[in-house]
Amino acid sequence: MADVAAGLEREFAELGDWDARIARVLALGRALPALDPAFRTEDHKVKGCQSQVWLRVDHDPRSGRLRLAADSDALLMRGLLAVVLRLYDDRGPGEILAHPADVLDRLAVSQSLAPNRANGLHLVIKRIHAAALDAPGGHLSAEGGTYDAAQPR
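Per our numbering, residue -13 is the first one in the sequence shown, and the count goes up by one each step.
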């Protein structure tokens, strides 16, 4: 995961200015696969985001990894979600928990977000960390399955 974070940092540093970085985030948003409409439900919605955001987290019992899918109705948030997915998708719970998302700050993108959008991104990452805690290999759960981000623990 550290290598992915370092790669993202290099990629965004090479872009230079804010406009180029945001253009890259928007391009990532356009390339993000749409979430299956079956998961664009209230149960998967991340509440507290400025735009509509959905997060699906599945635990693969064979590999022990968490599989993530996310979507938003806002292109900028879709791009930010694409960055988050590059960091956290297909990782084990321990790996997720060992790497906070401070790389987003180092990309020099999140500091310029509106407070509500930055908070929404924080809530997405918080849900991913909560799912990692609940997954086998995390610290709270002894069984696998799908983590329902909308359900309180």
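Don't be surprised by glycine CBs; every beta carbon is placed ideally from N, CA and C.
Exposure label - residue i; buried when at least 16 CB within 10 Å
i: Asp29; result: exposed
i: Arg42; result: buried
i: Asp3; result: exposed
i: Ser58; result: buried
i: Ala20; result: exposed
i: Ala143; result: The chain is shown from -13 up to 139; residue 143 falls before or after that span and cannot be answered.
i: Ala(-1); result: exposed
i: Arg(-4); result: exposed
i: Asp5; result: exposed
i: Arg141; result: Within the shown structure, residues of the chain are numbered from -13 to 139, placing residue 141 beyond reach of any answer.
i: Asp76; result: exposed
From the options, residue whose alpha carbon lies closest to that of residue i
i: Val69; options: Asp3, Ala117, Arg7, Gly2; result: Arg7
i: Leu12; options: Asp44, Phe25, Leu66, Ala20; result: Leu66
i: Gln36; options: Arg10, Val110, Asp22, Ala55; result: Val110
i: Val39; options: Asp120, Gly50, His45, Arg26; result: Arg26
Test item: CB-CB of residue i and residue j under 8 Å
i: Leu71; j: Ala(-9); result: no
i: Ala117; j: Leu52; result: yes
i: Arg10; j: Leu1; result: yes
The ligand HEM heavy atom lying under 7 Å from the CB of residue i
i: Ala60; result: As far as ligands go, the structure on display features none, and thus does not contain the ligand HEM.
6 Å Cβ shell around residue i - same chain, five flanking residues per side excluded
i: Pro138; result: Note on Pro138: pLDDT 38, under 50, position unreliable in the model; no value is reported.
i: Ala55; result: Leu21, Arg42
Alpha-carbon spacing of residue i relative to residue j, whole angstroms
i: Gly80; j: Pro47; result: 15 Å
i: Gly34; j: His108; result: 10 Å
i: Leu99; j: Arg64; result: 14 Å
i: Ala128; j: Pro122; result: Residue placement at Ala128 is poorly supported in this model, since its pLDDT is 38, which falls under 50; the coordinates are not used for a value here.
i: Arg113; j: Val32; result: 8 Å
i: Pro23; j: Ala84; result: 32 Å
i: His45; j: Ile82; result: 13 Å
i: Gly130; j: Pro86; result: Residue confidence is low: Gly130 scores 42 on pLDDT, short of 50, so the model does not pin down where it sits. No coordinate-derived value is stated.
Residues near residue i by beta carbon distance below 7 Å, same chain, minus five either side
i: Leu(-6); result: Val69, Arg72, Val89, Leu93
i: Ala60; result: Ser37
Other residues of its chain near residue i: CB distance less than 8 Å, five sequence neighbours each side excluded
i: Gly106; result: Val32, Gly34, Cys35, Gln36, Ser37, Val39, Met63
i: Asn102; result: Cys35, Gln36
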